[in-house]
Each structure stands twice: as structure tokens, then as C-alpha cells.
Amino acid sequence: MADVSRRNVLGALGAVGAASILFGTTGTAQALASNATGSPLNPWAVGSARIVIAAALLLALTTASGGLRLTGAWRTERFPALLGGIGVAAYQLGFFSGVQTAGVAAGTMIAIGSCPAFTGVLQWVLRGTRPGLLWAVSTVVAISGMTLIVAGAGDAATLTLLSVVPPLIAGLGYATYTVAGSMLLNGGAASSSAMAQMFSVGAILLLPVLVFALPGGLNTGPGMSAILYLAVVPTVIAYLLFGAGLRYLAPSTVATMTLIEPAVAAVLGVVVLGEQLGGVALTGMGVIVAALAILALGTLRRTHPTSVELRST
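Remember, my numbering sits 806 above the position in the sequence shown when you count from 1.
Printed below as a string of C-alpha cells:
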């Protein structure tokens, strides 16, 4: 593994932060398309179509750059690629179903908020690396902030036991492909190759869902524009950034960093969709920012000029 410097870690934190901001535009893009067509887009059609298109683009980009290896390396990369692909598919189905069963704010909070805990466990089981105290503290603080956002949005009052199952599945899926991606990168795969392999497996798994769900509103002008945006910006571009950050950060750290996504979604809801956020929700956003600052500064402080092993924070 390449040496890890503070510059590597700082760049990785920036890459994951930028990816999380792009992730946060997903719900707004879907809502704008639904408003333009006058009816909601089918969430399963949206979730599966974006992955199928994104996988094709990632494969094309990776092949063009010479980064895709499907011969000898596939024997060692097969398990994490398949595992990551299952995670990609599970996240899409769980997330887009979860925002319907639990509400947008609560569904997003449960899916993204549960991811760091799942990631910490999977990282420990699959990589033998136990998350540290810094990760635990920053994760608890960030999830507290997300809870305040949900309380301010008013979605929490409608939650039932069954309504939280889909977003929890999404959180587990997110954690699965985060850890699997880290395994691919640690094995020497390029960032684009790791993402292309996992998303290709996910696309194959989601193809039957896409066929069943079509057209789902995607045959309209706004629907097509939305799905192209979702495939290119918060998927291809965002996950290339995500993979670049995952190379130098522990999966548990990356999972906690992505908790900025719901805060971005909340801001866009106010600015673009005209939604209202009260003082409680705004306080929650501030708490998330503070938690991520703690994690980022602590990660940088604990990074030595060189290291032969990625450390958990």
C-alpha cells in the first residue's frame, strides 16, 4: 500500500466531502422532475436506471483509461466486487422505498445515519480493523444532529416499525459497498475500476427491477433530464470522488463524513423547493458540521507523515 501523508488524508477528506455534497442533490433533482411532470417518478425506476446508466459510463471511462482489469485480478477482486454490487443494489431499493415509507427527511436520516454503525461492524468483521473512540464520538454527535433535523422537519411522528425497515436496509447496503470498495482499493484496484466493478454487478442485479418499473415517468422530458443528471453527477462523478477518498481513509471514517448529505439536502429543500426549516433543524445542521470538523481534525492530527497501513479513527 502506498504511504499515507497528511496531504493524502486532507485531499481524501475533501473528496469525500465533495462527493457527499453531490449526493445531497439527489432528492431535490427527483422532486423537481416530479413537480415538472405533475406526478411522482417511480422510485424503483429512478434508483435502478441511474445505476444501470452510471455503470455503463463508469465501465466506458475505466476501459478508456486502461484501468479495468478483468483477467487475473478478477480472481482476487471477485468477492469484494460481488459484495459491493449487492450493497449498491440494496441501497438503491432500500433508500428510494424508504423515503416513501418513512418520509424524505426521516428516511434519509435512518439510511445515512445507520451507515456508520453498520460500516464499523463490517470493517471489523471483514478487515479486522476496529473503529476507534474518535469515530464513535463524532458519529454519535453527527447522528444527534441528524435527529434534530428530522424533528424540525416533522417526519418522525409518522414512523412505524415497518416504515424504518427499508431505510435500514439502505444503510446496510451503503456500508457494504463502502467496506467492499475499500477492500478493492487495498488490493491494488484503481478507484475508477473499483467503482466500475461494484456498480456493474449492481446494475445486473437491478436490471429486472428496471424492466418491471419502466417507464415510471422516465419517458418524459423532465424524467429523462433527471435520470441523466442523477446518473452523471451524484453517481459517476460523486463515486469517483468517493473512491478517491476511500483509498486513504478507513471505511468507518468515510461513512461518518457522508453524514453531511442530509444537511445538504435540507438546505436545498429550503433554497430550491421552498421548504421550511425551524431553529431545531438549523441547530441540527450546526451539530453535524461540528461533528465532521471533530472527525476531520482528529484524523489529520493522528496521521503520521508516512504509514504502511490505513488506520481506523
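Built from N, CA and C at the ideal position, the CB exists for glycine as well.
Worksheet item: Going by C-alpha distance, which of T907, L1074, L828 and F829 is nearest P849?
Response: T907
Worksheet item: Excluding sequence positions up to five away, which residues of its chain have a Cβ less than 6 Å from the Cβ of T877?
Response: The predicted model places T877 with a pLDDT of 46, which falls under 50 and marks its position as unreliable, so this point remains unresolved.
Worksheet item: Leaving out the 5 sequence neighbours to the left and right, which residues in its chain are closer than 7 Å to A835 when beta-carbon positions are compared?
Response: A1032, Y1035 and L1036
Item to complete: Taking only the alpha-carbon atoms, compute the straight-line gap between T1059 and E1081 and give it to the nearest angstrom.
Response: 31 Å
Worksheet item: Closest by CA to R884, which one among M1004, R813, L864 and L1013?
Response: M1004
Practice prompt. Could you name the residues of the same chain whose beta carbon sits closer than 7 Å to that of F902, not counting the 5 residues immediately before and after it, in chain order?
Written response: P849, W850, V852 and G853
Worksheet item: If you drop the 5 nearest sequence neighbours on each side, which residues of the same chain put their C-beta closer than 8 Å to that of I1100?
Response: L940, V943, S944 and V947
Item to complete: Taking the CB atoms as reference points, tell me whether T1026 and T843 lie closer together than 8 Å.
Response: yes
Worksheet item: Between the C-alpha atoms of G773 and G1085, what's the straight-line distance to the nearest angstrom?
Response: Here the chain has residues from 807 to 1119 only, and residue 773 is not among them.
Discussion item. Pop quiz: L899 and G1023 are said to be a contact at Cβ under 8 Å. What is the actual Cβ separation, rounded to whole angstroms?
Written reply: With 8 Å as the limit, L899 and G1023 do not qualify as a contact, their Cβ atoms being about 17 Å apart.
Worksheet item: Is the beta carbon of F924 sitting closer than 8 Å to the one on L978?
Response: yes
Practice prompt. Classify F1048 as buried or exposed, calling it buried when 16 or more other Cβ atoms lie within 10 Å of its own Cβ.
Written response: buried
Item to complete: Within the same chain, show all residues whose beta-carbon is closer than 7 Å to that of A860, passing over the 5 residues directly before and after it, in chain order.
Response: F1005, A1037, T1041 and V1042
Worksheet item: Between which two residues does the alpha helix (DSSP H) containing A860 stretch?
Response: P849 to S871
Worksheet item: Roughly how many angstroms lie between the CA atoms of V1007 and L816, to the nearest whole one?
Response: 31 Å
Worksheet entry | Boundaries of the alpha helix (DSSP H) in which N841 is found, first to last residue | T832 to T843
Worksheet entry | Exposure of F1018, with buried meaning 16 or more beta-carbon neighbours within 10 Å | exposed
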